[in-house]
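J.: The structure that follows is given in the form of structure tokens.
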Amino acid sequence: MPKFLNIILKNIGNMHHKKLEEDIYRYAVRNAFLHNGKASVKAVVGKILSLYKEAKAKDVVNLVAEVVEKVNSMTFEEIKREYDKFKHTYELKPKQKEKYLPELEWAKKEKVVTRFAPNPNAPFHIGNARAAILSYEYAKMYNGKFILRFDDTDPKIKKPLPNAEQLFKEDLSWLGCKVDETYFASDRLEIYYKYMKKLVEIGKAYVCVCDVEKWRELVKQNKACPCRSLDETAQMERLQKMFDHTYKEGQAVLRLKTDLMHKDPSVRDFWLARVVDNVQHPNPKVKDKHVWPSYNLASAIDDHLLGVTLILRGQEHEQNKTKQEFIYKYLGWVYPHCIHFGRLNLKGVVLSKSKIVEGIAKGLYTGFDDPRLGTIRALRRRGIQAEAIRKIILELGVKSSDATISIEKLYNINRDLIDPIADRVVFISNPMYLKIAGSVPLEVKLPKHPDIAARGFREYSLEKDATVIVSKDDIARVSLGEVFRLRKAYDVKLSNVEKSSAEAEFLSVERTNKKAKLLLWLHPNFCVNTVLVMDDGSTIEGLAERYIIEKSVGTIVQLEGFGYARIDKKDKERVVCYFSHK
Ligand SMILES: [Zn+2]
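Numbering (the working numbering), first residue to last: 22 to 603.
Following this line, the structure appears as structure tokens:
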């Protein structure tokens with residue numbers, strides 16, 4: 022700790038002075054490191070106030086100014102050395118504030134149990150992310166529990182994916198949602214059977230063997246079918262016939278006695294369980310199970326038995342609450358607290374589960390992480406940060422109105438997060454050689470990041486009469502005889518264009534015309550084949566600065582002239598990037 026920091030502070034109350042001094046120094050070093058050796062007093066004060074909530078700007082500003090002055094007088098090498106020393110101590114991300122979510126009046130610490138209950142028939146996409154993130158955040162806010170419950174009780178139409186657990190858990194973990202307990206509804210069929218029997222025993226459920234159309238006609242007229250009034254013994258016999266598969270698919274259905282006068286016809290005696298003949302389910306334990314519960318039965322029972330106290334889900338579930346409350350009433354249970362939020366429409370990516378699953382089956386998409394899809398893994402592959410998704414969802418909060426967000430909004434949030442970490446890499450599609458007659462030797466130094474000098478430089482030596490690589494598309498926009506500038510190099514005049522090469526005459530290193538077009542270029546000895554996979558699934562082949570190959574898979578770069586991208590694959594000869602956004 023430099024001597025100048027041994028200052029006795031006043032007016033700071035009971036803060037640890039030593040710690041405060043250290044923090045000011047650490048953040049002055051970081052700020053100087055990130056800004057070309059010049060820290061800003063304002064930025065460091067802001068950082069310190071965010072760490073020491075009880076401090077006021079006037080208490081710390083003089084000390085910060087003094088420290089900043091000393092740090093700024095250090096050489097960049099010294100600053101870098103100090104920065105490296107402290108590197109591991111800086112917070113990587115600002116602490117997540119929970120300001121977006123309203124407090125729950127009823128909630129007590131450790132008593133909030135939430136669940137995310139996806140049907141795993143399609144991968145996790147940003148449309149489900151709202152329920153998952155809000156449920157997790159509320160559990161965390163009250164030190165409660167976050168349950169992942171797979172609603173995999175449709176072995177026929179919405180068949181579960183075989184690797185659902187792995188898919189969802191990876192995505193949830195990437196989003197920062199830590200799962201405390203995991204359940205599969207298909208593991209719990211015996212539990213549902215027990216409650217089916219119970220509801221029959223207490224006279225609240227009946228097995229209907231009527232033709233569905235006829236039953237619907239009756240119910241529309243608020244009339245009961247003949248099955249409803251059979252006694253419990255007869256009902257039990259029928260239920261047994263469902264279990265032993267005497268009744269085949271479509272021949273019998275278990276219904277709850279609700280209210281035949283209910284204003285919503287779908288609530289009237291809604292179904293609890295049905296028979297499925299050919300069970301196709303990835304869970305090996307259920308191959309011979311022919312009775313399958315409805316979503317409303319399984320979900321109602323599990324929420325109660327798993328101790329869920331808060332359900333967060335889309336407004337389309339409002340009607341399910343009405344249905345499930347009948348089950349709760351008959352079984353003497355208390356329905357959990359519910360928050361129904363509006364639908365989140367994200368324009369610009371494919372979100373429909375059926376389109377995703379069908380598209381993959383037909384070979385239209387390459388997989389669940391195809392860049393056209395709105396799945397979490399597709400967004401991740403493209404370099405969208407989990408923090409950006411969380412932010413957009415927490416900003417929407419629990420509003421009950423529907424929200425349509427353009428994907429651009431997500432990109433804007435993401436850009437703020439990735440720009441500081443993305444080194445610049447020139448990428449040239451449709452490359453061609455450009456020979457420059459009469460050019461002088463030149464050393465070109467380009468910062469890896471325009472605002473953060475500390476990230477270093479790319480340096481290229483252009484020889485006399487140099488040849489560089491440019492894009493044919495760029496050259497096509499220049500007329501013969503026109504003057505243009507090779508960025509950070511020199512002005513040249515286009516003199517000849519062939520199929521795969523072009524020639525220009527050297528004019529000057531100084532800029533001669535501010536309006537001259539600026540062309541990106543590559544040094545032919547320092548480039549590598551690069552493929553950019555775009556968000557519409559198309560690919561662009563080209564060449565990029567060779568230093569991209571030193572970066573690891575998963576790194577975000579800015580491909581100059583195109584936009585941000587994530588390095589997806591690489592070998593010695595070739596790099597594949599996925600386009601994020603402009
Ligand atoms: Zn009936």
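No residue lacks a Cβ here, since even glycine has one placed at the ideal position from N, Cα and C.
1) Where does Lys-31 sit, in a helix, a strand or coil, going by DSSP?
2) Would DSSP call Met-453 helix, strand or coil?
3) Counting Cβ pairs, one atom from each stretch, are 3 or more of them under 8 Å apart for the stretch 513-527 and the stretch 457-466?
4) Report the option in Tyr-159, Gly-395, Phe-600 whose CA atom is closest to the CA atom of Phe-167.
5) Residues in its own chain within less than 6 Å of Val-491 by CB, not counting five upstream and five downstream?
6) Is Glu-270 helix, strand or coil by DSSP?
7) Which two residues bound the contiguous beta strand (DSSP E) that contains Thr-425?
8) Mind checking whether the beta-carbon of Cys-248 lies closer than 6 Å to any heavy atom of ligand 1?
9) Please state the DSSP three-state secondary structure of Asp-444.
10) Whose C-beta lies closer than 8 Å to the C-beta of Val-419 among residues of the same chain, with five residues either side of it excluded?
11) Along the chain, where does the beta strand (DSSP E) that runs through Ile-332 open and close?
12) When every heavy atom of ligand 1 is checked, does at least one fall within less than 6 Å of the C-beta of Cys-359?
13) Enumerate, from N- to C-terminal direction, the unbroken beta strand (DSSP E) stretches of 3 or more residues contained entirely within the stretch 304-372.
14) Taking all protein chains shown into account, decide if Phe-478 is buried (16 or more other Cβ within 10 angstroms of its Cβ) or exposed.
15) Which value, in whole angstroms, describes the spacing of the CA atoms of Pro-139 and Asp-252?
16) Ignore the nearest five residues each way along the sequence and tell me which others in Pro-115's own chain have a CB closer than 8 Å to its CB.
17) Do three or more CB pairs link the stretch 440-449 to the stretch 388-400 at distances below 8 Å?
18) Examine ligand 1 and report whether any of its heavy atoms sits within less than 6 Å of the Cβ of Cys-231.
19) Count Cβ pairs between the stretch 339-350 and the stretch 397-414 that sit closer than 8 Å; are there 3 or more?
20) Should the stretch 312-328 be regarded as contacting the stretch 201-221, the criterion being three or more beta carbon pairs within less than 8 Å?
21) Asp-208 to Ala-185, Cα distance in whole Å?
22) Could you tell me which residues DSSP puts in a beta bridge with Ala-475?
23) Does the beta-carbon distance from Pro-181 to Pro-144 come in below 7 Å?
24) So Pro-545 packs on Val-489, CB below 8 Å; how close in whole Å?
25) By the DSSP assignment, the alpha helix (DSSP H) with Glu-42 in it spans what residues?
26) Within the continuous alpha helix (DSSP H) that includes Lys-108, where are the two ends?
27) Output the residue ranges of the alpha helix (DSSP H) runs that lie fully inside the stretch 121-178 and measure 4 residues or longer, sorted by chain position.
28) Per DSSP, what kind of secondary structure is Lys-591 in: helix, strand or coil?
29) Kindly confirm or deny that the stretch 63-77 and the stretch 38-51 touch, where touching means at least three C-beta pairs closer than 8 Å.
30) Among Asp-589, Ile-577, Arg-411, Ile-439, whose alpha-carbon lies nearest the alpha-carbon of Asp-192?
31) DSSP has Ile-413 in a bridge; who is on the other side?
32) Can you look up Trp-606 in the DSSP assignment and give me helix, strand or coil?
33) Specify the secondary structure class of Val-81 as computed by DSSP and reduced to three states.
34) Within the stretch 481-557, note down every full beta strand (DSSP E) run reaching 3 residues or more, in order along the chain.
35) Could you check which residue in Gly-395, Pro-357, Lys-368 has the C-alpha nearest to that of Lys-374?
36) With a cut-off of 8 Å on the beta carbons, I'd call Leu-507 and Val-499 a contact; round off their distance for me.
T.: Reading off the structure:
1) Taking the first residue of the sequence shown as position 1, residue 31 is located at position 10. Here the model assigns Lys-31 a pLDDT of 43, short of 50, so the residue's position is not dependable, and the following value carries that caveat. Note: Lys-31 maps to coil in three-state DSSP.
2) As a working mapping, residue 453 is identified with position 432 in the sequence shown. Strand, per DSSP.
3) yes
4) Numbered from its first residue, the sequence shown carries residue 167 at position 146. Of the candidates Tyr-159, Gly-395, Phe-600, Tyr-159 places its Cα closest to the Cα of Phe-167.
5) Sequence index remark: in the sequence shown, residue 491 carries index 470 (1-based). Around Val-491: Leu-455, Leu-540, Trp-542.
6) Looking up residue 270 in the sequence shown gives position 249. Residue state, collapsed to three classes: coil.
7) Sequence index remark: in the sequence shown, residue 425 carries index 404 (1-based). That run of the beta strand (DSSP E) goes 424-427.
8) Counted from its first residue, the sequence shown places residue 248 at position 227. Yes, since a heavy atom of ligand 1 falls inside the 6 Å radius drawn around the Cβ of Cys-248.
9) Reading the sequence shown from its first residue, position 423 is the one you call residue 444. Strand.
10) In the sequence shown, residue 419 corresponds to position 398, counting from 1. Excluding sequence positions up to five before and after Val-419, its CB lies within less than 8 Å of the CB of Leu-122, Pro-123, Leu-155, Leu-333, Ile-360, Phe-362, all in the same chain and listed in chain order.
11) Along the sequence shown, one-based indexing puts residue 332 at 311. Unbroken beta strand (DSSP E) run through Ile-332: 331-335.
12) As a first step, residue 359 is located in the sequence shown; it is residue number 338 there, counting from the start. No, since every heavy atom of ligand 1 falls outside the 6 Å radius drawn around the Cβ of Cys-359.
13) 312-314, 331-335, 358-362, 365-368
14) As a first step, residue 478 must be located in the sequence shown, where it is residue number 457. Around the Cβ of Phe-478, a 10 Å sphere holds fewer than 16 other Cβ atoms; the residue is exposed.
15) Residue 139 sits at position 118 when you count from the first residue of the sequence shown. Residue 252 sits at position 231 when you count from the first residue of the sequence shown. Distance between the alpha carbons of Pro-139 and Asp-252: 37 Å.
16) Along the sequence shown, one-based indexing puts residue 115 at 94. At Pro-115 the pLDDT is 48, less than 50, meaning the model places this residue with poor confidence; the figure from the coordinates comes in the next sentence. Hits under 8 Å: Ser-71.
17) no
18) Taking the first residue of the sequence shown as 1, we reach residue 231 at position 210. Within the cutoff, so yes.
19) The stretch 339-350, when compared against the stretch 397-414, does not touch it at the 8 Å Cβ threshold.
20) yes
21) For the purposes of this step, residue 208 is taken as the residue at position 187 of the sequence shown. For the purposes of this step, residue 185 is taken as the residue at position 164 of the sequence shown. Between the alpha carbons of Asp-208 and Ala-185 lies a gap of roughly 14 Å.
22) Here residue 475 corresponds to residue number 454 of the sequence shown, with the count starting at 1. Per DSSP, none; premise fails for Ala-475.
23) Looking up residue 181 in the sequence shown gives position 160. Looking up residue 144 in the sequence shown gives position 123. Taking 7 Å as the Cβ cut-off, Pro-181 and Pro-144 do not qualify as a contacting pair.
24) What you label residue 545 is simply residue 524 of the sequence shown in a count that begins at 1. What you label residue 489 is simply residue 468 of the sequence shown in a count that begins at 1. Contact flag correct, Cβ pair sits at about 7 Å.
25) Position 21 of the sequence shown, counting from 1, holds the residue named residue 42. 38-55 is the span of the alpha helix (DSSP H), which, as asked, contains Glu-42.
26) As a first step, residue 108 must be located in the sequence shown, where it is residue number 87. Unbroken run through Lys-108: none, as it is neither H nor E.
27) Taken in chain order, the complete alpha helix (DSSP H) segments of 4 or more residues contained in the stretch 121-178 are 147-162.
28) Stepping through the sequence shown from its first residue, residue 591 is reached at position 570. Here Lys-591 sits in strand by DSSP.
29) yes
30) Taking the first residue of the sequence shown as 1, we reach residue 192 at position 171. Per the Cα distances, Arg-411.
31) By one-based count along the sequence shown, residue 413 stands at place 392. Bridge partners of Ile-413: none, in fact.
32) The first residue shown for the chain is 22 and the last is 603, placing residue 606 beyond what the model contains.
33) Residue 81 sits at position 60 when you count from the first residue of the sequence shown. Note: Val-81 maps to helix in three-state DSSP.
34) 488-492, 504-507, 512-518, 522-529, 538-540, 548-554
35) As a first step, residue 374 is located in the sequence shown; it is residue number 353 there, counting from the start. Of the residues Gly-395, Pro-357, Lys-368, the one whose Cα lies closest to the Cα of Lys-374 is Gly-395.
36) The count along the sequence shown starts at 1 and reaches residue 507 at position 486. The count along the sequence shown starts at 1 and reaches residue 499 at position 478. Incorrect: roughly 11 Å between the Cβ atoms, too far for contact.
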